[in-house]
Structure formats: C-alpha cells, structure tokens
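For what it's worth, the numbering used here labels the leading residue of the sequence shown as 132, then goes sequentially.
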Amino acid sequence: TTLPTCLAFNPSLTALVAPRNRISGIDSLLITPPSVIEVLVLSHNPIVSFPSIANLELVTRMRALDLSNTRLALPLLSTVGPSVESVLLARQLEALLLRNASIQSPKLLGNRVIHSGSFNRVTPELVQLDLSDNEIDGFFSGETLGSVFPNLQQLDLSGNERFAGGIPFLTQASLVDTSFTSISQCPPESVVQSSTLKSLSLHGMSFTDPSSCFGLVDLLERDSHVHVVNDTRNGLQCPQWIAKATKAV
Numbered sequence: 132t133t134l135p136t137c138l139a140f141n142p143s144l145t146a147l148v149a150p151r152n153r154i155s156g157i158d159s160l161l162i163t164p165p166s167v168i169e170v171l172v173l174s175h176n177p178i179v180s181f182p183s184i185a186n187l188e189l190v191t192r193m194r195a196l197d198l199s200n201t202r203l204a205l206p207l208l209s210t211v212g213p214s215v216e217s218v219l220l221a222r223q224l225e226a227l228l229l230r231n232a233s234i235q236s237p238k239l240l241g242n243r244v245i246h247s248g249s250f251n252r253v254t255p256e257l258v259q260l261d262l263s264d265n266e267i268d269g270f271f272s273g274e275t276l277g278s279v280f281p282n283l284q285q286l287d288l289s290g291n292e293r294f295a296g297g298i299p300f301l302t303q304a305s306l307v308d309t310s311f312t313s314i315s316q317c318p319p320e321s322v323v324q325s326s327t328l329k330s331l332s333l334h335g336m337s338f339t340d341p342s343s344c345f346g347l348v349d350l351l352e353r354d355s356h357v358h359v360v361n362d363t364r365n366g367l368q369c370p371q372w373i374a375k376a377t378k379a380v
C-alpha cells in the first residue's frame with residue numbers, strides 16, 4: 132500500500148512516524164503538493180519505490196528521513212533514476228538513515244573507486260548519514276566524503292563487508308563507525324586529530340600492516356578526546372595495537 136494522498140494536503144503535518152507497517156511507496160506523500168513534512172520515519176516497511184529525481188527537488192523542508200530496513204535497493208550513485216545521491220536533492224536534509232536498505236555501489240564503477248567527482252553536488256546540510264548493513268563495495272578515494280559532505284558529523288558504514296580502502300576523513304566528524312568492513316588500512320592520524328571526533332568504532336576489523344599504526348597508538352595514548360571502540364570478544368581478528376591503546380566496551 133501507499134500512504135494516502137490526503138496526508139500531503141495537511142499544512143500542519145510536519146512529522147510522520149509510521150514504522151513497521153505495510154507501506155510500499157511514498158511518492159504521493161512527498162510531492163503532491165510540495166510536502167511540508169520535516170521528519171519522516173518509515174523504517175521496517177516494504178518500500179520499493181521512491182520519487183523521481185525531478186520531484187525530489189520539490190521537497191524543500193525535509194530535515195530527517197529514516198528508510199532503514201526497507202527494500203529500496205537504490206544505487207549509491209546513478210545518472211538515471213533514483214539513487215542515494217538523488218535523495219539528497221531534498222535540500223534541507225540533515226539526517227539520512229538507510230540502514231539495511233540494500234543500497235549498492237554504482238553499477239558502472241569501473242575501478243571500484245568512488246571519488247568526489249562522482250557526485251553532482253556538494254551537500255553542506257547533511258550532518259548524519261547511516262549506510263550500514265548494505266551492499267556497498269569499492270572504496271572512497273582520499274577525502275571524497277569530506278568534500279561532498281563538509282559538515283557531516285556522524286557516519287556509519289558498518290556491516291558493508293566488501294567495503295575496502297581507508298577510513299574516510301571528515302573534518303567535522305564526531306562519530307565514525309566502519310566496523311565489520313574490509314578496510315585493511317590503519318586509520319591515518321588525520322582521522323583522529325580533529326578535536327570534534329569522539330568515537331571511532333572498529334569492531335571486527337583486521338589491518339594488514341599493524342606496524343604502520345604505531346604513530347596512531349602514540350596519538351591515542353596521549354590524546355584522550357578520542358574514544359576508540361573495539362570489541363575483542365567478537366572472535367574476529369582484531370589488531371593487538373588497538374587493544375593496547377584503547378578502552379573496550
């Protein structure tokens with residue numbers, strides 16, 4: 132079922148929280164007429180359709196969108212049709228939660244590198260992005276996410292088992308979670324040097340060259356503003372240096 136169109140005509144409806152229902156589409160709610168909804172939570176619904184790119188530009192007031200545990204199956208980027216990037220055309224969006232929504236890497240990602248030029252626009256409004264437990268592979272080059280999302284504070288990429296490369300660098304990050312990914316590079320010092328970073332989650336990760344992490348160990352030991360979460364009880368290969376330098380929770 133889809134949400135009734137009449138909801139879109141209510142000028143006082145600024146928040147709609149309807150998780151765990153049987154909603155399969157949201158086009159009518161967002162674009163007929165241009166929606167005044169600011170917070171939309173529709174997690175755990177069998178949603179399979181999403182408004183077209185052109186119509187999403189009409190969504191001017193949305194601040195938080197939660198479509199976690201749905202059936203969107205959107206690509207991260209696409210030149211045709213809806214994608215995660217096209218969702219960001221809702222220009223006031225501050226929080227986008229897409230946990231376990233079958234999000235995929237671009238179909239034509241030749242060398243598996245996602246760079247800043249792959250995105251069509253900078254999105255300064257976004258402060259929270261949850262892409263955990265999806266199907267994203269490849270890796271972001273350099274400071275891609277920091278360039279596209281300059282004010283991003285909370286990033287969750289955990290559970291994307293084929294996501295490789297390095298831990299993304301974000302100048303405004305406070306929470307970063309890359310647990311249970313295939314990232315094998317030690318976190319560079321630039322990741323933890325920012326005074327805004329409070330938590331870096333590294334559950335279930337294995338770094339191929341722990342010797343390159345000695346500088347980071349020293350930094351963590353003397354700089355208490357960063358709290359690195361690493362659970363050595365999960366039975367996976369956890370680097371010894373991180374246990375030395377951090378408090379497990």
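C-beta atoms are modelled at their ideal positions from N, C-alpha and C, and glycine is treated no differently.
- DSSP places SER217 in the helix class (H, G or I) of the three-state scheme.
- Between LEU205 and SER233, the CB-CB gap stays under 9 Å.
- The beta carbons of PHE271 and GLY290 sit about 16 Å from each other, so the pair does not count as a contact at 8 Å.
- Taking C-beta atoms under 8 Å as the contact rule, GLN303 and GLN316 fail to qualify, at a distance of about 22 Å.
- In this structure, LEU262 sits away from PRO299, with a CB-CB distance that is not shorter than 9 Å.
- Per DSSP, reduced to three states, the secondary structure at GLY269 is strand.
- Between PRO142 and PRO281, the alpha-carbon positions lie close to 32 Å from each other.
- Apart from the 5 residues on each side of it in sequence, SER180 sits with its Cβ closer than 6 Å to the Cβ of GLY156 in its chain, given in chain order.
- Within its own chain, the residues whose Cβ lies closer than 6 Å to the Cβ of GLN235, once the five positions on either side in sequence are excluded, are PRO206, GLU266, listed in chain order.
- THR191 and THR309 have their C-alpha atoms some 31 Å from each other.
- For ALA226, the CB contacts under 6 Å within the same chain, skipping 5 residues up- and downstream, are ALA195, GLN259 in chain order.
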